[in-house]
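Count the sequence shown with mature numbering (1 follows the signal peptide of the UniProt record, and there is no 0) and you get residues -23 to -1, 1 to 76, in order.
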Amino acid sequence: MKTFLALLAAITFSGSYLVGVHAQHCALCPSSLGHVSLGFKCVYYDRIAQRNTACVYLNPVSMDAPTCLYNPRGGLISKGSDAACQKNVATDSSNCPNC
């Protein structure tokens, strides 16, 4: 019985550890920026190992690609982001592909 309880505790701890490791959040990119649709989003690590999200909007007319960069809490990273980007967005733990 002790062995079973020890095994159960180990499995429970491992499962909760794995859920915590893999449930990292990324920004939910707005579907458009002005009249330009979202092209793609991806997650990258900055120089301090913070998981940031890049939202890239593709304008087929001007061939421009405005970008919005968000930190893991959904706050805009002004350096490198377009002036029209939302200041804060929601976050989620699904659909967070790496760049």
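Ideal placement from N, C-alpha and C gives every residue a C-beta, glycine not left out.
Check, Outcome
"Straight-line CA distance for residue 7 to residue 26?", "24 Å"
"Given a threshold of 16 other Cβ atoms within 10 Å of its Cβ, counted over all protein chains shown, does residue 76 qualify as buried or as exposed?", "exposed"
"Per DSSP, which residues does residue 13 bridge with? Please list them.", "10"
"Determine the burial state of residue 43: buried for a count of at least 16 other Cβ atoms within 10 Å of its Cβ, exposed for fewer.", "buried"
"Would you kindly report the start and end of the unbroken beta strand (DSSP E) that includes residue 31?", "28 to 34"
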